[in-house]
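Chains A and B, in that order, give the protein sequences. Residue numbers for the first sequence follow the numbering used here, so the first one is 26 and each next one is one higher. Residue numbers for the second sequence follow the numbering used here, so the first one is 471 and each next one is one higher. Single-structure report; data block below.
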Amino acid sequence: GQQLNQSPQSMFIQEGEDVSMNCTSSSIFNTWLWYKQDPGEGPVLLIALYKAGELTSNGRLTAQFGITRKDSFLNISASIPSDVGIYFCAGQLVGGSQGNLIFGKGTKLSVKP
Amino acid sequence: ETGVTQTPRHLVMGMTNKKSLKCEQHLGHNAMYWYKQSAKKPLELMFVYNFKEQTENNSVPSRFSPECPNSSHLFLHLHTLQPEDSALYLCASSLSTGLRREIGELFFGEGSRLTVL
Numbered sequence: 026g027q028q029l030n031q032s033p034q035s036m037f038i039q040e041g042e043d044v045s046m047n048c049t050s051s052s053i054f055n056t057w058l059w060y061k062q063d064p065g066e067g068p069v070l071l072i073a074l075y076k077a078g079e080l081t082s083n084g085r086l087t088a089q090f091g092i093t094r095k096d097s098f099l100n101i102s103a104s105i106p107s108d109v110g111i112y113f114c115a116g117q118l119v120g121g122s123q124g125n126l127i128f129g130k131g132t133k134l135s136v137k138p
Numbered sequence: 471e472t473g474v475t476q477t478p479r480h481l482v483m484g485m486t487n488k489k490s491l492k493c494e495q496h497l498g499h500n501a502m503y504w505y506k507q508s509a510k511k512p513l514e515l516m517f518v519y520n521f522k523e524q525t526e527n528n529s530v531p532s533r534f535s536p537e538c539p540n541s542s543h544l545f546l547h548l549h550t551l552q553p554e555d556s557a558l559y560l561c562a563s564s565l566s567t568g569l570r571r572e573i574g575e576l577f578f579g580e581g582s583r584l585t586v587l
């Protein structure tokens, strides 16, 4: 099946540092979504991207839809302890069916105060 | 308070039991989904309901039976499950025009943690 390669798998950073994670695929996507999941909770939507090249911010978070439509990245600036969690990218393939998002395996972020 | 509510949050059942998971969305959405989240694996889409009609069954075993009585409620009926079915089951909803295959933005519930003994 289709796969998204999300990296890194985990990150251990100091509070205040910037964070960058990305997802890549050999397939073309028409939508990219970034989610955060806290332990014992469901994923929460952070940013949605719908056009190639689109750059969108949500507070300290910035995400971009790659020009090739095969990748996306998420940056977090000046990390704080509450940024801890697992971040997932998700994309809908061109021609994909409704709801059939392809999810990455997640990036687990740990922030040391 | 989340716009998508799932009950129960935790469920332990034997392989011969019959149980159901419930999902309710208060967002006015018209599409609802069941996803399965297992350790070390990406989220897997199980079922999609659009305007109460099932539009996607992602090759899910028949021991999982969904029911969508209206656009706000979604159930997942479980029977004769296997230990490998233990996972976090996530319900999600989105606003769909139903006219084309756009994704909309999925809003997830907090999940039901299922353990099959």
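By construction, the Cβ of each residue, glycine as well, lies at the ideal position given by its N, Cα and C atoms. Since the structure is predicted, the reported quantities are computational estimates derived from the model, not experimental observations.
Less than 8 Å separates the beta-carbon of A:Phe-128 from that of B:Leu-513. Look at B:Gly-579: its C-beta is under 8 Å from a C-beta on chain A.
Look at the beta carbons and you see the stretch 557-564 of chain B touching the stretch 483-497 of chain B: at least three pairs across the two are nearer than 8 Å. Taking 8 Å as the threshold, the shortest C-beta distance from A:Pro-64 to chain B does not fall below it. For A:Ser-107, the three-state secondary structure derived from DSSP is helix. B:Leu-544 sits close to B:Tyr-519, with the two beta carbons spaced by under 8 Å. The stretch 62-75 of chain A makes no contact with the stretch 545-557 of chain B: fewer than 3 CB pairs, one atom from each, lie closer than 8 Å. At a Cβ-Cβ threshold of 8 Å, A:Leu-29 and B:Leu-576 do not count as neighbours. With respect to the C-alpha of B:Arg-533, the residue from B:Arg-583, B:Asn-487, B:Thr-475, B:Asn-500 having the closest C-alpha is B:Asn-487.
Listed along the chain, the chain A residues whose CB falls inside 8 Å of the CB of B:Leu-560 are Gly-67, Pro-68.
In this structure B:Phe-521 is in contact with B:Asn-500, their Cβ atoms being roughly 5 Å apart against a cut-off of 8 Å.
Close CB contacts of A:Thr-49 within its chain, under the 6 Å cut and outside five residues either way in sequence, are with Asn-30, Asp-96 (chain order). With distances taken between CA atoms, B:Val-530 lies nearest to B:Leu-515 out of B:Pro-539, B:Asn-540, B:Leu-515. The beta-bridge partner set that DSSP reports for B:His-543 consists of B:Glu-494, B:Asn-540. A:Val-69 is positioned such that its CB atom lies no closer than 8 Å to that of A:Ser-104. Put simply, of A:Met-46, A:Gly-131, A:Lys-133, A:Pro-106 the residue whose alpha carbon is nearest the alpha carbon of A:Gln-39 is A:Pro-106. Scanning its chain for C-beta atoms nearer than 6 Å, with the 5 sequence neighbours on each side dropped, one finds around A:Ala-77 the residues Phe-90, Ile-92, Arg-94, in chain order. In the three-state reduction of the DSSP assignment, A:Asp-63 falls in the coil class, being assigned neither a helical nor a strand state. Going by DSSP, B:Glu-526 is part of the beta strand (DSSP E) stretching over 523-527.
Note on geometry: alpha-carbon atoms of A:Pro-138 and B:Asn-540 lie some 47 Å from one another. In terms of beta-carbon proximity, B:Pro-512 lines the interface with chain A, with at least one pair separated by less than 8 Å.
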